[in-house]
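Peer 1: Attaching a single structure in structure tokens format; questions to follow.
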Amino acid sequence: MKMKISVSMVYLCLFLLIGMLTPSIAVDDKCAACKAVAEELEIGLSSERPRNHLDMRHRLDSKGQREGKLIDYRVSELRVVELLDGLCEKMQDYTLKIGRNTYEWFKVDSWDNLTTNKQEARAYSKDISSYCGRLLEETEDELTELIKKGSVKVGGVSKVLCQDLSKHCRQTSVSHEAEVVDEDNEEL
Numbered sequence: 067m068k069m070k071i072s073v074s075m076v077y078l079c080l081f082l083l084i085g086m087l088t089p090s091i092a093v094d095d096k097c098a099a100c101k102a103v104a105e106e107l108e109i110g111l112s113s114e115r116p117r118n119h120l121d122m123r124h125r126l127d128s129k130g131q132r133e134g135k136l137i138d139y140r141v142s143e144l145r146v147v148e149l150l151d152g153l154c155e156k157m158q159d160y161t162l163k164i165g166r167n168t169y170e171w172f173k174v175d176s177w178d179n180l181t182t183n184k185q186e187a188r189a190y191s192k193d194i195s196s197y198c199g200r201l202l203e204e205t206e207d208e209l210t211e212l213i214k215k216g217s218v219k220v221g222g223v224s225k226v227l228c229q230d231l232s233k234h235c236r237q238t239s240v241s242h243e244a245e246v247v248d249e250d251n252e253e254l
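The numbering used here applies: residue 67 is where the sequence shown begins, and numbers increase by one.
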């Protein structure tokens, strides 16, 4: 009985160790992963429909007049929640393509038509979804304020999220490939 428990514990420990190592391997390039998250957030921003102000005047005063605030939707907490809610679940549609000195996250249109190892591709999709959760947890307060101020616009999400807030990408790089090459040269 004791032997069964110890063998089971060894397998459990190995399973947990492998599980903990996989996300760090898959999200080696945090800049590329951050850019993929920013791309999905940009899709959300660009597909936003114009909305009316939020009418929070639900109470009546003694004269029968409505009391409360009228809040511009563009600066509302509701807008931020709608943009960020479900973002990391959408990242499960992404997987990783590893090239020479490059990591590219791309959105999978059809998992059935995927030509690479589907099990590995699904593991990468879970990894980027987890990364997204960690990224948003680290930057949520600042990102929320910037969205409410109107500082996060279509075309600029990657700079704000990946360079300014998370610092996962360098500002001086011309392209992602240059960043990977620079990192490889630093190790030599």
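Ideal placement from N, C-alpha and C gives every residue a C-beta, glycine not left out.
#1: Looking at the structure shown, is G110 part of a helix, part of a strand, or coil, going by DSSP?
#2: Just verifying my parser: in three-state terms, what is the DSSP assignment at T210?
#3: Between which two residues does the alpha helix (DSSP H) harbouring L156 extend?
#4: I'd like the list of long-range same chain contacts for N118, defined as Cβ closer than 7 Å, with 5 residues on each side in sequence excluded.
#5: Does the structure place the stretch 222-229 close enough to the stretch 107-114 that three or more beta carbon pairs sit under 8 Å?
#6: For a test of the three-state rule: what should DSSP assign to T181, helix, strand or coil?
#7: How big is the Cα-Cα spacing for Y190 and S142?
#8: For W177, count neighbouring C-beta atoms within 10 Å of its own C-beta (all shown protein chains included) and say buried if the count is 16 or more, exposed if not.
#9: Say yes only if the C-beta of S191 is nearer than 6 Å to one or more non-hydrogen atoms of the ligand SAH, and no if none qualify.
#10: Restricting to Cα atoms, I'd like to know which of V220, R236, E211 and K233 is closest to V147.
#11: With DSSP run on the structure shown, which of helix, strand or coil describes K135?
#12: Go ahead and pull the three-state DSSP assignment for G117.
#13: By alpha-carbon positions, which one of K214, S112, L150 and E206 ends up nearest to L231?
#14: For L162, which residues does DSSP report across the bridge?
#15: Report the rounded CA-to-CA distance for Y160 versus K129, giving the unit in angstroms.
#16: Return helix, strand or coil for R200, following the three-state DSSP convention.
#17: Considering only DSSP beta bridges, list what R125 is partnered with.
Peer 2: Taking the definition as stated:
#1: In the displayed model, G110 falls within a helix according to three-state DSSP.
#2: Looking at T210 - three-state DSSP - the assignment turns out to be helix.
#3: The residue asked about is misnamed: residue 156 is Lys in this sequence, not Leu. Residues L153 to K156.
#4: Only Y139 meet the Cβ criterion.
#5: Flag = yes, the stretch 107-114 and the stretch 222-229 touch.
#6: Residue state, collapsed to three classes: coil.
#7: Distance between the alpha carbons of Y190 and S142 is about 34 Å.
#8: Counting Cβ neighbours within 10 Å, W177 comes out exposed, since fewer than 16 surround it.
#9: As for the ligand SAH, it is missing from this structure, which has no ligand bound.
#10: Among V220, R236, E211 and K233, the Cα nearest to that of V147 belongs to E211.
#11: Coil at K135, not helix or strand.
#12: This sequence places Arg at residue 117; Gly is not what is there. In the structure shown, R117 sits in coil (DSSP, three-state: anything other than H, G, I, E or B).
#13: When each option's Cα is compared against that of L231, the closest is E206.
#14: Beta-bridge pairing links L162 to W171.
#15: If I take the Cα positions, the gap works out to 56 Å.
#16: DSSP places R200 in helix when its eight states are reduced to three.
#17: BP columns for R125 point to E133.
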